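Numbering (UniProt numbering), first residue to last: 1 to 323.
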Amino acid sequence: MQTNMNVHDGRELKIPRRKLWTVFKEQKYLFLMMLPALIWAVLFAYTPMVGLYMSFVNYQPNLGGFWTTLFHSEFVGFEWFRYFFTNGDFLKVMRNTLASTLITLCFSFPMPIIIAIAINEIKNVSFKKTVQTASYLPYFISWVIAANIIVTLLSSDGVINAILKFFHITNESILFLQNGKYFWWIVAIGNTWKDMGYSSIMYLAAISAINPELYEAAKVDGANRFKQIRYITLPHLKPTIVILLILALGGILNAGFDQHFLLGNELTKDYSDVLSTYSFRYGIQNGMFSYAAAVGMFSSVVAFIIVCIVNFTAKKVNGQSLF
1 MQTNMNVHDG
11 RELKIPRRKL
21 WTVFKEQKYL
31 FLMMLPALIW
41 AVLFAYTPMV
51 GLYMSFVNYQ
61 PNLGGFWTTL
71 FHSEFVGFEW
81 FRYFFTNGDF
91 LKVMRNTLAS
101 TLITLCFSFP
111 MPIIIAIAIN
121 EIKNVSFKKT
131 VQTASYLPYF
141 ISWVIAANII
151 VTLLSSDGVI
161 NAILKFFHIT
171 NESILFLQNG
181 KYFWWIVAIG
191 NTWKDMGYSS
201 IMYLAAISAI
211 NPELYEAAKV
221 DGANRFKQIR
231 YITLPHLKPT
241 IVILLILALG
251 GILNAGFDQH
261 FLLGNELTKD
271 YSDVLSTYSF
281 RYGIQNGMFS
291 YAAAVGMFSS
301 VVAFIIVCIV
311 NFTAKKVNGQ
321 SLF
């Protein structure tokens, strides 16, 4: 079987399409190397999706096996979804989730790009490695430790209040973690501080792939460092930026559990309660497993739809997409 690929000098080039089995035989060792990853994906990514059925039943655990109890539970259809949309919590939880993720995105998305460009401009190799290492470290700190650092800094006698008093910006300590209007901004800055160094690795890898001759040619033409960044570095980073933006927007309903659970309290509950903490509270603490599964499934479906829409838009506008 043959297929036409392109036209050259007015003649059609016919390239034979090899059968899948032939490709498999020729590259059997590559496929064998993929096997562990394929098994992992099936066991831990796709098999658990059977549990989504819990969203459509009234599941109550008992002494029987999990699967037996699940598939013998009362089927209730979309009742749990209807309850989520009408019980009065939906608007508040969605507001908190979207506000937290969008503010975080505004901070955390451009910062890795800025850091990657700044690190790339450092000429001293030793200093460059030191800055890179320092920027990566917060990523490897657990949110339990990171939350304690943030709480200490923002306490009434912490460093932040001391600085504000020193510059006479305020005369009294500001109770940052007891006032809900500060909560989204605290989480956004905390997320950015923790992840920006590690996220910059992908941009640094993209920058390292740029042909150095382009910078040399720009220097000959009289371009300074800012113009080189504007006309060479940023255009070459554009494909990476588009792909990562699509992935970031796909997680717009994933505000993060750890930071909201650890930094939130009863005084800021109206601002800190997002989809992940909401489903945890009802699913684990209140034992409403089917309801929590329905909330999680709603979040995943919306995220998938957003990824498809953003991917389609990026493909139409820039010709670059994730798939």
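Idealized CB from N, CA, C, for every residue including glycine. Note that this is a predicted model, so its numbers are computed, not measured.
Which class does residue i belong to by DSSP, given the choice of helix, strand or coil?
{"i": "VAL57", "result": "strand"}
{"i": "GLU172", "result": "coil"}
{"i": "ASN224", "result": "coil"}
{"i": "ASN265", "result": "coil"}
{"i": "VAL274", "result": "coil"}
{"i": "ASP258", "result": "helix"}
{"i": "ALA248", "result": "helix"}
{"i": "GLY158", "result": "coil"}
{"i": "SER279", "result": "helix"}
{"i": "ILE210", "result": "coil"}
{"i": "LEU253", "result": "coil"}
{"i": "CYS308", "result": "helix"}
{"i": "GLN320", "result": "coil"}
{"i": "GLY197", "result": "helix"}
Note down, in chain order, each residue of its chain lying with its Cβ closer than 7 Å to the Cβ of residue i, except the 5 sequence neighbours on either side.
{"i": "PHE90", "result": "PHE84"}
{"i": "ASN58", "result": "SER73, GLU74, VAL76 and SER290"}
{"i": "LEU105", "result": "ALA248"}
{"i": "ILE160", "result": "LEU153 and LEU154"}
{"i": "PHE71", "result": "none"}
{"i": "TYR282", "result": "MET288, TYR291 and ALA292"}
{"i": "TRP40", "result": "none"}
Give me the residue from the options with the minimum Cα distance to residue i.
{"i": "LEU98", "options": "ARG230, ASP221, ILE306 and GLY222", "result": "ILE306"}
{"i": "GLN320", "options": "TYR282, LYS269, PRO239 and LEU253", "result": "PRO239"}
{"i": "ASN318", "options": "MET288, VAL242 and GLY287", "result": "VAL242"}
{"i": "GLY190", "options": "MET34, TYR139, ASN120 and GLN228", "result": "TYR139"}
{"i": "ALA199", "options": "VAL125, LEU267, GLY250 and PRO112", "result": "Residue 199 is actually Ser in this sequence, not Ala. For the residues VAL125, LEU267, GLY250 and PRO112, the minimum Cα distance to SER199 belongs to PRO112."}
{"i": "ALA209", "options": "ILE229, LYS123, GLN228 and LEU237", "result": "LEU237"}
{"i": "LEU245", "options": "PHE312, MET34, THR133 and ALA162", "result": "PHE312"}
{"i": "PHE78", "options": "PHE56, GLN132 and LYS129", "result": "PHE56"}
{"i": "ILE149", "options": "LEU262, GLY256, LYS28 and ASN96", "result": "LEU262"}
{"i": "LEU102", "options": "MET288, LEU267, ILE252 and VAL131", "result": "ILE252"}
{"i": "THR268", "options": "LYS19, THR86, GLY65 and ASN96", "result": "ASN96"}
{"i": "LYS123", "options": "ALA314, ALA147 and ARG225", "result": "ARG225"}
Assuming residue i and residue j are in contact, meaning their beta carbons sit under 8 Å apart, how far apart are those beta carbons, in whole angstroms?
{"i": "GLN259", "j": "TRP143", "result": "6 Å"}
{"i": "ALA293", "j": "LEU52", "result": "7 Å"}
{"i": "LEU275", "j": "SER299", "result": "5 Å"}
{"i": "SER108", "j": "THR192", "result": "4 Å"}
{"i": "GLY250", "j": "ALA303", "result": "5 Å"}
{"i": "VAL220", "j": "SER100", "result": "Between SER100 and VAL220 the Cβ distance is about 48 Å, and since that is not below 8 Å, they are no contact."}
{"i": "LYS194", "j": "ALA146", "result": "6 Å"}
Leaving aside the five residues before and after residue i along the sequence, list all residues of the same chain whose C-beta is less than 8 Å from its C-beta, in chain order.
{"i": "THR69", "result": "TYR59, GLN60, PRO61 and ASN62"}
{"i": "ILE207", "result": "ALA116, ILE117, ASN120, THR233, HIS236 and LEU237"}
{"i": "LEU164", "result": "THR170 and ILE174"}
{"i": "LEU137", "result": "GLY197"}
{"i": "ALA218", "result": "LYS227, GLN228, TYR231 and ILE232"}
{"i": "PHE24", "result": "PHE31"}
With a threshold of 6 Å on Cβ separation, who are the neighbours of residue i within its own chain once the five nearest residues in sequence on each side are excluded?
{"i": "GLN178", "result": "LEU267"}
{"i": "ARG82", "result": "none"}
{"i": "MET297", "result": "LEU52 and SER55"}
{"i": "SER272", "result": "PHE183, HIS260 and GLY264"}
{"i": "VAL7", "result": "Confidence is the limiting factor: at VAL7 the pLDDT is only 44, short of 50, which leaves the residue's position unreliable and the question unanswerable from this model."}
{"i": "GLY315", "result": "Here the sequence assigns Lys to residue 315, which means Gly is not the residue at that position. The answer, listed in chain order, is SER321."}
So within the stretch 18-81, which uninterrupted alpha helix (DSSP H) runs reach at least 4 residues, ignoring any that extend past its ends?
The stretch 18-81 is shown to contain whole alpha helix (DSSP H) runs of 4 or more residues at 20-26, 28-41 and 66-71, in chain order.
Length-filtered (3 minimum) beta strand (DSSP E) runs lying within the stretch 119-147
Complete beta strand (DSSP E) runs here, min 3: none at all.
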